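Note that my numbering numbers the sequence shown so that position 125 is 446, with each residue one more than the last. The beta-carbon is built from N, C-alpha and C at its ideal position, and this holds for glycine as well. Everything numeric in this text was worked out from a predicted model, so none of it was measured.
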Amino acid sequence: LVFKPRVAKGKRKRKLGSVKGFAASFILLSAMTENECVLKDQWFRPALPEDIPTSYKGRLQGRETHLRVWPGSKAFFHWVSGDNGNRILQWELSPGLQLLELGSGRGWLGMSVAANLNDVKIALTDLPSAVPTLSASVANAQNDLQTFANVTVFPLDWRALECQSTEGTLPEPRAAAATIAAALPRGFEFDVVFGADLTWCAETSEGLSVALAAFVAASQLRPPRRPGAPRVVYGHWNRSGPVTEQWLRMMAGRG
Numbered sequence: 322l323v324f325k326p327r328v329a330k331g332k333r334k335r336k337l338g339s340v341k342g343f344a345a346s347f348i349l350l351s352a353m354t355e356n357e358c359v360l361k362d363q364w365f366r367p368a369l370p371e372d373i374p375t376s377y378k379g380r381l382q383g384r385e386t387h388l389r390v391w392p393g394s395k396a397f398f399h400w401v402s403g404d405n406g407n408r409i410l411q412w413e414l415s416p417g418l419q420l421l422e423l424g425s426g427r428g429w430l431g432m433s434v435a436a437n438l439n440d441v442k443i444a445l446t447d448l449p450s451a452v453p454t455l456s457a458s459v460a461n462a463q464n465d466l467q468t469f470a471n472v473t474v475f476p477l478d479w480r481a482l483e484c485q486s487t488e489g490t491l492p493e494p495r496a497a498a499a500t501i502a503a504a505l506p507r508g509f510e511f512d513v514v515f516g517a518d519l520t521w522c523a524e525t526s527e528g529l530s531v532a533l534a535a536f537v538a539a540s541q542l543r544p545p546r547r548p549g550a551p552r553v554v555y556g557h558w559n560r561s562g563p564v565t566e567q568w569l570r571m572m573a574g575r576g
């Protein structure tokens with residue numbers, strides 16, 4: 322998913338190229354704005370937590386990006402709350418569904434999904450340094466709603482998968498699967514991997530493309546738990562046309 326912020330009057334919209342031929346288990350749609358996503362009435366929308374003040378330097382270094390709920394997460398929730406959750410992700414079959422979120426940050430997106438699906442298990446993940454804040458958010462929510470009883474938190478750095486790759490290649494599927502399995506609860510097999518707004522600069526675009534493709538490759542080593550699974554879906558917030566186009570090219574190259 323590529324979500325585009327509204328363009329101010331007088332400014333030209335940058336056209337994004339289309340991508341074809343990517344792996345079937347990765348869902349990629351383009352040119353959707355937050356305003357075009359309709360929130361269904363039956364979906365409960367939890368209150369957004371207040372952002373924790375951050376510095377530009379801290380965000381640039383990746384140390385403080387987890388302290389805010391970014392617009393890509395809000396747009397992703399709007400998108401998935403419509404028919405897309407059922408049509409593309411088969412979330413109407415939610416009993417027993419196991420989901421894995423990358424870069425959960427404050428946990429708002431993952432817990433919003435959990436609040437609207439019945440009998441699911443969701444693993445929220447982020448960098449080890451971000452886990453205390455994420456765990457506190459989940460604990461506070463669990464005190465208010467029993468819905469979040471099956472939400473767990475684990476440290477998982479998706480850039481570790483990039484370290485296993487060599488230039489222009491993907492990590493070996495079994496090595497990627499071992500790295501992923503080591504960070505998750507024993508026996509946790511994801512049906513859907515999702516995330517939103519995880520990259521905003523050229524430096525992290527390549528790592529994210531490697532990580533998402535590695536999740537697809539690793540998951541194909543085992544029989545699917547349910548029809549159409551596992552799937553990987555990512556909501557990208559288009560802050561920079563060149564960065565978005567670079568990321569789309571990288572994703573196309575991984576397929």
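Inset, instruction - Report yes if the CB atom of residue 427 is closer than 9 Å to the CB atom of residue 455, and no otherwise. - result: yes
Inset, instruction - Please name the residue in 457, 573, 451, 462 whose C-alpha comes closest to that of residue 435. - result: 462
Inset, instruction - Find out if the Cβ-Cβ distance for the pair residue 446, residue 477 is shorter than 9 Å. - result: yes
Inset, instruction - Give me the Cα-Cα distance between residue 450 and residue 405, rounded to the nearest whole angstrom. - result: 33 Å
Inset, instruction - Name, in chain order, the residues that DSSP records as bridge partners for residue 541. - result: None, per the DSSP bridge assignment.
Legend entry - Residue span of the alpha helix (DSSP H) that contains residue 444, given as start and end: Per DSSP, residue 444 belongs to no alpha helix (DSSP H); it is in the beta strand (DSSP E), 442-447.
Inset, instruction - Take the Cβ of residue 507 as the centre, count every other Cβ of all protein chains shown within 10 Å, and call the residue buried at 16 or more, exposed below. - result: exposed
Inset, instruction - With a 10 Å radius around its C-beta and 16 neighbouring C-beta atoms as the bar for buried, classify residue 542 as buried or exposed. - result: exposed
Legend entry - C-beta atoms of residue 536 and residue 482 nearer than 9 Å: yes
Inset, instruction - List the DSSP bridge partners of residue 551. - result: According to DSSP, which records beta bridges pairwise, residue 551 is partnered with nothing at all.
Legend entry - CA nearest to the CA of residue 391, picked from 552, 573, 521: 521
Inset, instruction - Look at the alpha carbon of residue 464 and the alpha carbon of residue 429, and state the distance between them as a whole number of angstroms. - result: 15 Å
Legend entry - Residue environment, residue 563, which counts as buried when at least 16 other CB atoms sit within 10 Å: exposed
Inset, instruction - State the beta-bridge partners of residue 476 as determined by DSSP. - result: 447
Inset, instruction - Return the bridge partner residues of residue 516 from the DSSP annotation. - result: 555
Inset, instruction - Just tell me which of 431, 574, 555 has its CA closest to the CA of residue 459. - result: 431
Legend entry - Range covered by the beta strand (DSSP E) that runs through residue 421: 419-422
Inset, instruction - Would you check if the distance between the CB atom of residue 421 and the CB atom of residue 513 is smaller than 9 Å? - result: yes
Legend entry - Span of the alpha helix (DSSP H) around residue 430: 429-437
Legend entry - As assigned by DSSP and simplified to three states, the class of residue 567: helix
Legend entry - Residue environment, residue 559, which counts as buried when at least 16 other CB atoms sit within 10 Å: buried
Inset, instruction - Tell me, please, whether the CB atom of residue 389 is closer than 9 Å to any CB atom in chain D? - result: Of the protein chains in the structure, only one exists, and it is not chain D.
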